[in-house]
Each structure stands twice: as structure tokens, then as C-alpha cells.
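Report on one structure; see the data block that follows.
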Amino acid sequence: MLGKTLTPQQSQYYAWLLTRHIADGTVESLATTLVDSQVDLNPHQVDAALFACQNPLSRGVILADEVGLGKTIEAGLVILQHWAERKRKILIITPANLRKQWHQELQDKFGLQGVILEAKSYNTIKKQGKNPFRQEAPIICSYQFAKSKANDLKAVDWDLAVLDEAHRLRNVYKKSNVIAKTLKEALNHIHSKVLLTATPLQNSLLELYGLVSMIDERVFGDLDSFRSQFGGKPSEQNLKNLHKRLQAVCKRTLRRQVKAYVPYTARLAIVQEFTPSDEERLLSTLVADYLRRPNLQALPEGQRQLISLVLWKLLASSSRAIAGALDTMSKRLQGVLNDATTQDLVETLDEDYESLDETAEEWENENGETSGITPDQYQAIADEIEELNHFKILAQNIREDAKGKALFNALDKAFAELKRLGAAQKAIIFTESKRTQEYLLECLSKSVYSGENGDGIVLFNGTNSGHKAQTIYKKWLKKYEGSDKITGSKTADTRAALVEHFKEQATIMIATEAGAEGINLQFCSLVINYDLPWNPQRIEQRIGRCHRYGQKHDVVVVNFLNKSNEADARVYELLSQKFKLFEGVFGVSDEVLGAIGSGIDIERRIADIYRHCREPNDIKAGFEALQQELSSEINAAMLQTRQALLENFDEEVQEKLKIRAADSEHTRNKYENLLLNFTQSALGEHATFDEHGFTLHRLPENLSNDFSHIQVGRYELPRQSGDAYLYRISHPLAQALLEQAKSCHCPPAKLMFDYGEYQKQHGRISTLEPYIGQRGQLVVKLITIHAFDNQEQHLLITAITDDGEILQESDPEKLLGLPAIQILIPQPLQIQTALSQDITVRRQAMLNEAQQRNLDYFEQEVQKLEDWADDLKHGLEQEIKETDRQIKEIRRTAATAATLEEKLAWQKKQRELESKRTKQRRELFDRQDNIENQRNELIEELEQSLQQKVEEEEMFVIEWEIIR
């Protein structure tokens, strides 16, 4: 579009064009974010981000797209937009098992380095006397952690809070939901919140009240007024009213509406059955009977349920895994006997079962552990130690598990299926135990899958501290030396190195649960659940490493099934048939995900069945009861209500998405080209450019002192495939060049625009051709409008010919896009009268447009406050109506009273209620007046903030001439 060398005027104009704040609700307002994001965006994601960012008066939104449509990407765009606007106090609250995934997504797709805040890092900072939430980075933490640190959360003036899996908060109106109530109070001061959930409504319309109240307590009145209008079976008119009010705060897109943009592949399930050996069955029976005992010395009373669950899982994982856990428990008990300091059992077991810390964080506390032991317990402890050691020896004597042997059959079948599908011969094997991970490595190292030098298999876990992992990491560091692929975080870089090794060299990755969080493996389409979690969300997360956007093949999912274990078979049946995790296009449904909450409760209930049910019939009955409970939580009638309230017609959505797709692609390409052309002009001979990017040879002299940390080397825009530094508008080099251009002095000058040169490279601009050979003046002003504690910046550009003809519409912008030569003139230009008049007209039109847009926002907010006030008044009137109903009921009862005493008692009750009604009527007007006053005060505040403050800066005035 532009020449290789820009004049100072063009540089200044395009620098402001690339960095100004726009608040008009168009895709162009997200231009910087679109350029800087390292992801192929779908139009529904751009639309959702615009919805979340558009209204400056909104206190937040609910993004409720169906599962699999990338709500994390939508929230990431909102986060990046805030970051670009220097609103950088950002909080992300998510389930514990999604923290690493969020961290990785922010880094990979948006170039933002988040900070995961947990107990250890929190305490380290707290000891320094600082609030650990005050950091120059997006803060990521779990719900439980946020609840426990609510006071520190409340002390930060956050710009944005994102709450993932927000359906956990929908029962905030219930006293029992302590986490939600605590977070609501702690986050109430935040002006902008984004709640992400595929299931904003599950069982009751009151859940919508709860979620919306987390964002803004003035969308609806109080709980009683909401219940009176929308509780039970609300009228069709009430539902229409509710739908209208929700449209301003909640956005939902369905998978079927975006199939034109998002290609979906399917899941194919393979079940690998195995039969344990006699030795394995004996070990399993003995340990299972042990875990079912009512009193166990080895399990601290306050942690019994949690640790029992882990032991059941390790018993099913491998002999190696349960042997290690038994040894840990035995040694801990021996320490108790010896009166030695013993390590917390959860912390010890977490070294093998890596997801234990996250499970524990969401586990409800049990009764506290009793301190000290009585003399009678010494013998019981000694007996239990002997028993644990016996179990451990049995486990250690099992050198090869039947499930381990069956793995080879599973791999053969699955790789044959991949070949049929035309997919790469790669598999990720998931286990819940690091000891099992090592056992599988030993088994597979002796097979053809090991490859040359053992490079065919790679381990991936929470520490990645093994010799091979560190060797791969060091090679990766050497390969990318000098590139911004290296983040400086050893943990993150090691993970990236291992994933790349798996993609380019290895055939099999063996991963633990915790290790695999947050990695993207679209190049792999075989997931093997060697150990099957009981938490459906964890399974969905595993499969989602591969079955995600960008996957080109159907994904094969292999699960192992112990034929001799009735409970294991029932677990698989539950996960497969009820949750539909392993087959089909979309995996687990929204309804099921919403019903199960965190998934921890499912694990607890399954563990209870294992613990209390021994016989097949008892096990069957236990799982049938669990299925029945889940079915009762999935309400078909409420699904229809959700559709009516939260969904729009497919045709309406699809038409809108077509426009968004075209706008976002055009805007992204336009601003990427502007950035590259601007940078080429600014760097000149300091860099060599091509169509994809540039190679920086050295920094310009006037930047080298302050920006010595900027590396020389290859730079490319996001989404390019090369191994280069990512060049974004927010990159320090771009920011330095842009700030320099924006502040440069533009002397009086004449610009000679070469239309002929432009036409050779790009083709005609028909509207400019009549002006070839003509001369005139051009003015550019920067107009900044302040309203609602927000600012928007506009570039007012207008031009005139020497004959007095005003250039129309976008022709002045097109004129500045032509190659030009600057000719200095000796004195400032006097703006022609007609041009001054046109500037005034255009300026007023710009202000009117902004005023109207802000007025629309104002009217939306006023309507919200009117509805809120009406809700509260409706609630007051309902109180009187309820008292009326009670009086009528008592009159009927009194009329049929059998005795005088009963009649007198009912009449006394009636008089009391009539007195109450009289008082309510008197209070009604006072309380209605109070509501009116609150509403009026809020509207007055809005009116004051609506007043526009306008700043105007003349950037430059030039003479112009178009030559061919």
C-alpha cells in the first residue's frame, strides 16, 4: 500500500492509526488485538470479544458458547485488548486443573506471560510484606485459592476479572455456596468481569439471577422480586422480557451455527480388555479389603476419603504404583511409632500421583486429624505396618502387569486405525502415576516403538526433571538460541521442547495428568487412557489435548477395562454411555458438564461405591443410583427454557458471522500491512524486508541506548510458520518506532504524491484519478473524546484542491497512502477558508456520532436501572399481595372453625395480619420513594459522566500535488 520510505507526515499519521483507541464497537476497535494474537480467529470469537468490550458502562458479560467453541480464546482477546489499553490489573479465576492451560494459552496465543498464584508462591511474596496479587502480569489462581485470599483480592483495583467454568457460581444466592458468596463480595468493586460457562442455566431460572448478580446487582432486583416474576412457570410475556434483558449481558453461540468456519473431527473408541493374573487379583483383593476397614492407622482421619480415593486409583494403575504408595504409608507409620516428625501424607503421595494437590484444593475438608496416639494404638500400628509391608512385597513380586502386556495389543490396533485414517503414527498415553509412567517406559523401551537411541518415546510430567528431558531441553535451547521462542522460564521452555520432540521425532509420549495440562497436541490423534480418571472433566481435558481446533483427523481413544472387576466395568459404562466422552463429534455434552460442577463430587461418590460395595449386585445398584442422581440433575424442560432465553435464530447468527469474518480478515490484513510498511520505512537500511517479515541487522542509533535488549535477527508477524521473533504492535521495537513517529516534528512541507508508481504496484484508485495534476491542501487533526471515564481517539483528515473542491469520503486517506516525496517550504501554511469550514463540519459530525453512540449506551444503562427499580417495587407489592392471600385464607379457615375458641384465635391472627398489611402499605410508598431516589442518583451520576470533554491537536498541514 505504502512506499518503502514514508514522509514524516505519513509516518506520524500511520503511527497514530496503529495505536489510537477506538470505541465505536467495530472490528477495527480490536485491530491491535487482532494483529497481536497468535491464533487463527473464528468470527464468533471476534464477535464475542466485541460484545464484551463494546459498552463502557457495562460491568461485564457472560460468554456462554457451547463446549468446544473456544471461550478461552474469546476471553484472551478481551484480556489482550485491556492490556493494549494499558488496563493491566487482570485476574483469572479458574478450576485448579485448568491453571496451567490458561497460562500456556495466554503465552502461546497472546504473547502474555501470566503468573500462577498458589500457596507456595503466595507465601514467599507475602513474607516480603507485599500483596501477592499486585503484579505486572495477569494473575491466574483457582477458585478455592481466591476464596481463601479474598481480603487480598479485594484490596486490588482490578481492571478485569475473568472467571472460567463460572457455572460454579450460579447458586451464589444460596447460603451453602460459600465460595461464590465470598468471591462475589471480594470482586464486587471490579467494573469489568467476563464469566465463561457453557451452562449458565441448568435447573432453575434463579441460576441466571445468580450468575448475572455476580456481574451486576442492578440488572435485576432482589431475589424475591426475581422469583415472583420468573419462578415456577413464568408467563410467555415474562420470558420475552427476561430474554430482552439478558441480551445485554449474555452471549451464546452454538456449534451448529459456526460449522462453516470450524471443521470438526470425530472421536472413535477402542476398548482394550485384560484379565489380571492370580497374583494381581490377590493383591487387589487384600488391599481393597484393607481400604474398606472402618479404622485405619495409616490414613489420617482428616484426609481419609481423599487418600483412599488415590489408593484405589493407584491400585488400578500398576503394581509399581501401589507398591510405592504402600511403602510410603508403612514408613510414615513407622515414623509415628518412633515419635519422629512425619511428612504430610498428601504431600508425599503427590510426588507420584501428581494431580493430588489440585484434587485436595477442591476437596471439602474432613474432620481434623487427632493429635497423639494412645498406648492401645501402638500394637494396632505395628500390626498395620506388618500388613502394609506384606502387601508391598506382593506388589513388588509382580514383575509384569497384565494391563502392561495388553498395551502392546492396544497400540497395534490403534496404530492400524491411524493408518486407515491417514493420520500420523503418534500416541499419547496418559497415566495418573509417575511410577506407572516409569514402568511403561521400561516396557516400551524393549519394543520397536523405542526407535533409534530411545528417541521414539518421551516422558512428560509435572517436573520434567529426568536426564532425557533435560537433554532434549538443552538441545532445544541451542536450536532456538537468540529467538523469542525461549521465554526464560525453564519450566515453560522444557515443556515446549518436549512437545516439539514428540511432534518431530518421537512416536509415543507417556504423560501424567498434571504434566499434560495446558499443552496442545493437534498433530497427534491417538489418546490412550492407560489409567481412566473418574472425573469426566479430567477425561475431557485429556482428549481435548488432541481433539481440538486444528486437528485434521478423527481422534482414536483407547480405554483399558479389567474384565474381572465389576466396579471398573461400571465406571467405564458410566463415562462412556452417560457422559458420552469417547465417541461422536463433540464429546461430553454441555448439560452433563454443567450438572457435575467440579467433577470432584463424582469422584467422591464413585470412591464410596468402591469402599462400601463388594458384591456385583451391590456395585450395580450403587452405580444405577448414581446414574439416577445425575439424570435428575439434567432437566429437559429447563433445556428448552435455556434455548428460548439464550439462543438466537441460526440464520440471524450465521449472517452476522459472515460479516464478522470478512471484517476481521480485512482489518487484520490491513493493519498487518500498515505495521510492516511503517516499520520498513522507520528502519530503512537497518533491516532487510520480504513479504513475511524482516531481518534486523542493527538498531537505529537513536534507539540503541534505551532498547539494547531488543535482539537482532529474523522477525515475523504472528501466525507465520518460521522460527523467528514474533513482531507485534506491542513488541518493544514497534512501540519504540511508533512513539518516535508520533512525537516527531512535521515541518511545513509540500508532498508530491506519485500515482503512477502506486498504479504499477497496486492498480487503480479511480476516485483519485480526477485529481492527477492538481494541487491543494490537506489537514490532519487528532481528536480525543473523553466520556464515561473512557477515551476514544479519531484522526480527522480532510483535503481541498486549489480550485476549492473538497475531496470526498475516504479520498484524503487514500491520498496519504500514495508514495510521496517531501519538499520543505519556508513558512507555515494558511488553511483555506473552505477547508476550515469542512474541518468544522467533519469535526461536528464526528462528535455527534460519538455523542449518539454514548447516548445509546446511556439509554441502555438507564433502562437497566428503570427495570431494576421496577423489579424492587414489584417485590414490595408482592409482599402485600402475599399478606392479602394469607388474610383470605385465614378468613376461610375461621368461617369453618368448629369451636368459639378456634374462631377467636383465627380472628386474632387475622387482625395481626391486617395490621401488618396496613404497615406494609404505609411503608410501601416510603420504600418506593427510596428506590426512586437511588435510581435518580445513579442516573444523575451517569448524566455527569456522559458529558464529553474534547481535546484537539493539529498534527500537520501540508500542500499536496498528485503526479503520474
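Under the numbering used here, the first residue of the sequence shown is numbered 15, with each subsequent residue one higher. For glycine and all other residues, C-beta sits at the position ideal for the given N, C-alpha and C.
Query, Result
"DSSP on R281, reduced to helix/strand/coil?", "strand"
"Can you tell me which of the three DSSP states L268 falls into?", "coil"
"Is it true that the CB of W548 sits closer than 8 Å to the CB of I620?", "yes"
"Quick one: what's got a C-beta closer than 6 Å to L640's C-beta in the same chain, skipping five residues either side?", "R619"
"Spell out the partners DSSP gives D768 in its beta bridges.", "I977"
"In or out: E823 buried (at least 16 other Cβ within 10 Å) or exposed?", "exposed"
"What whole-angstrom Cβ distance do I894 and L927 have, given they're in contact under 8 Å?", "No, I894 and L927 are not in contact; Cβ-Cβ is about 11 Å, not under 8 Å."
"Per the DSSP calculation, L829 is bridged to which residue(s)?", "For L829, which the question treats as bridged, DSSP gives no partner whatsoever."
"Check for me: the alpha helix (DSSP H) holding L960 runs from which residue to which?", "L914 to L960"
"By the three-class DSSP mapping on this structure, what secondary structure does Y785 have?", "helix"
"Considering just the uninterrupted stretch of the beta strand (DSSP E) at G74, what are its terminal residues?", "G74 to L77"
"Looking only at its own chain, which residues have a Cβ that is under 8 Å from the Cβ of Q439, when we skip the five neighbours before and after it?", "F429, L432, K433 and T521"
"Starting from the N-terminal side, write out each stretch of the alpha helix (DSSP H) that is 4 residues or longer and does not extend beyond the segment 671–755.", "715–718"
"Inspect the CB distances between the segment 409–418 and the segment 509–526 and report whether three or more fall short of 8 Å.", "no"
"Express the C-alpha separation of E365 and K448 in angstroms, rounding to a whole number.", "8 Å"
"Could you give the distance in angstroms between the alpha-carbon of L473 and the alpha-carbon of S479?", "10 Å"
"What's the gap between the Cα of K917 and the Cα of R906?", "11 Å"
"Any idea what DSSP makes of N662, helix, strand or coil?", "coil"
"Within a Cβ cutoff of 7 Å, which residues of the same chain sit near A483, ignoring the five residues on either side of it in sequence?", "L473, T508 and L512"
"Rounded to the nearest angstrom, what separates C538 and A437 at their Cα positions?", "8 Å"
"Could you work out which residue in R270, L167 and S242 is closest to D79 when comparing CA atoms only?", "R270"
"Please indicate yes or no: does the CB of T693 lie closer than 7 Å to some heavy atom of the ligand NAD?", "Among the components of this structure there are no ligands whatsoever, and the ligand NAD is therefore not found."
"Which word fits H58, buried or exposed, when buried means at least 16 other C-beta atoms lie within 10 angstroms of its C-beta?", "buried"
"I'd like to confirm the pairing. Which residues does DSSP put opposite L758 in its beta bridges?", "In the sequence as displayed, the identity of residue 758 is Cys instead of Leu. DSSP, once it has assigned bridges, lists no residue as partnering C758."
"CA-CA distance, I553 and Q115?", "15 Å"
"Apart from the five residues just before and just after H117, which ones in its own chain have a Cβ nearer than 7 Å to its Cβ?", "G128, I130, I154 and G532"
"Given that a residue counts as buried once 16 or more other Cβ atoms are within 10 Å of its Cβ, and exposed if not, what is C758?", "exposed"
"CA-CA distance, L16 and E686?", "Any answer about L16 is weak, because its pLDDT of 46 lies below 50 and its placement is not dependable; what the coordinates show is given next. The straight-line gap from Cα to Cα measures roughly 12 Å."
"Output needed for V263: all residues of its chain with C-beta closer than 8 Å, excluding positions within five of it in sequence on either side, in chain order.", "S72, G74, V75, I76, V226, I229, D230 and V233"
"Are L731 and Y741 closer than 8 Å when you measure CB to CB?", "yes"
"Determine whether the beta carbon atoms of S4 and A801 lie at a separation below 8 Å.", "The structure shown does not extend to residue 4, since the chain is modelled only from 15 to 978, so the question has no answer here."
"So E764 and W490 are supposed to be a Cβ contact under 8 Å. How far apart are they, rounded?", "It should be pointed out that residue 764 corresponds to Lys in this sequence rather than to Glu. So it is not a contact: roughly 55 Å between Cβ atoms."
"Could you give the distance in angstroms between the alpha-carbon of Q836 and the alpha-carbon of M766?", "7 Å"
"Which partner residues of Q216 appear in the DSSP bridge assignment?", "In DSSP, Q216 forms no bridge with anything."
"Following the continuous beta strand (DSSP E) through F474, name the residue where it begins and the one where it ends.", "I471 to F474"
"Using the Cα positions of K247 and D238, report the straight-line distance between them to the nearest angstrom.", "15 Å"
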